[in-house]
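Numbering (this note's numbering), first residue to last: 3 to 293. C-beta atoms are modelled at their ideal positions from N, C-alpha and C, and glycine is treated no differently. A quick write-up on the structure given underneath.
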């Protein structure tokens with residue numbers, strides 16, 4: 003290869019590196035979902051580094067595979083301990099990309115960590131309003147249960163030691179859910195929570211909340227839960243703007259919307275296990291918020 007050809011390759015690369023140094027892309031922290039591991043996010047890391055060269059991307063390697071069934075508060079504390087040093091070393095803050103169950107883990111972190119510096123919280127197909135559906139996951143985990151009777155297990159002390167039961171939201175048994183859910187009902191302030199004001203203030207320190215989901219997900223049920231929509235007691239989906247937790251602004255959704263910092267990104271044709279591997283989803287819904 004002639005030196006001119008080599009220079010032609012090197013100069014753009016050097017330019018990209020200098021640009022990254024000048025721009026100073028904020029570190030990105032990725033939190034995986036149920037039954038995943040850090041190795042499942044190689045493509046997403048590539049997408050980030052191709053569009054934002056030099057970005058420090060960390061996929062937290064905790065609660066992998068079957069360990070992801072451990073109680074949600076235990077996962078929040080574990081992930082928080084791993085992520086906090088990354089935050090402390092990032093003067094300008096970090097970004098969160100939190101997939102599936104991981105999106106609820108991240109909400110727990112953001113609500114309970116008073117000095118977090120998360121800029122964009124990207125919730126990638128996460129059951130933010132809860133889960134209620136006869137999916138393959140449910141049949142695998144609880145073969146003897148259907149969605150209509152899982153509350154008999156989930157809303158017990160034993161059930162609440164299983165992560166999915168911490169956000170199982172049966173619209174036909176709201177009272178039992180509110181009184182029994184040790185995680186989601188507290189995050190949503192549906193159950194009396196003496197820390198609700200503090201948690202809301204902590205959560206509102208984020209600069210952007212990006213809610214990604216789509217009608218062909220096949221796992222998050224209803225799929226609108228990824229954008230805080232959920233069933234009423236007739237199993238009719240009530241969208242986010244008509245939800246009580248939005249209207250009363252119990253943890254900050256309405257405030258974020260009023261600030262212009264609530265972004266909803268819906269993409270059809272994406273099955274649940276492909277959200278973090280889909281380059282179109284990355285460019286449409288994530289790329290611009292990772293600066």
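*Would you kindly work out how many angstroms separate the C-alpha atoms of residue 140 and residue 148, rounded to a whole number?*
Start at 1 with the first residue of the chain shown, and residue 140 comes out as number 138. Start at 1 with the first residue of the chain shown, and residue 148 comes out as number 146. When rounded, the distance between both Cα atoms is 8 Å.
*Using the beta-carbon count (16 or more within 10 Å), is residue 250 buried or exposed?*
Stepping through the chain shown from its first residue, residue 250 is reached at position 248. A residue is called buried once 16 or more other Cβ atoms fall within 10 Å of its Cβ, and residue 250, having fewer, is exposed.
*How should residue 240 be labelled, buried or exposed, when 16 other C-beta atoms within 10 angstroms of its C-beta is the threshold for buried?*
Taking the chain shown and counting its residues from 1, the one referred to as residue 240 is at position 238. So residue 240 counts as buried.
*Check the C-beta distance from residue 61 over to residue 32 and give it rounded, since I have them as a contact under 8 Å.*
Translated into positions along the chain shown, residue 61 becomes position 59. Translated into positions along the chain shown, residue 32 becomes position 30. That pair is a contact at about 4 Å.
*residue 37, DSSP secondary structure in three states*: Taking the first residue of the chain shown as 1, we reach residue 37 at position 35. In this structure, DSSP gives residue 37 a state outside helix and strand, which the three-state scheme calls coil.
_DSSP three-state assignment for residue 125, whether helix, strand or coil_ = In the chain shown, counting from the first residue as 1, residue 125 sits at position 123. Three-state result, residue 125: strand.
*Counting only runs that start and end within the segment 167–206, where is the alpha helix (DSSP H) found for 4 or more residues in a row?*
176–182, 186–189 and 198–205, all fully within the segment 167–206.
*By how many angstroms is the C-alpha of residue 84 removed from the C-alpha of residue 105?*
The count along the chain shown starts at 1 and reaches residue 105 at position 103. The count along the chain shown starts at 1 and reaches residue 84 at position 82. Near 16 Å, if we compare the C-alpha coordinates of residue 84 and residue 105.
*asked:* What does the Cβ neighbour count give for residue 24, buried or exposed, with the cut at 16 atoms within 10 Å?
replied: In the chain shown, the residue the question calls residue 24 occupies position 22. Because residue 24 carries a pLDDT of 49, less than 50, the predicted location of this residue cannot be relied on, and the following value inherits that uncertainty. It counts as exposed.
*Along the beta strand (DSSP E) that carries residue 98, what are the first and last residues, could you check?*
By 1-based counting over the chain shown, the position of residue 98 is 96. 96–101 is the span of the beta strand (DSSP E), which, as asked, contains residue 98.
*How would you call residue 224, buried or exposed, if buried means at least 16 neighbouring beta carbons within 10 angstroms?*
As a position in the chain shown, residue 224 is number 222, starting the count at 1. Its Cβ being crowded by 16 or more others within 10 Å, residue 224 is buried.
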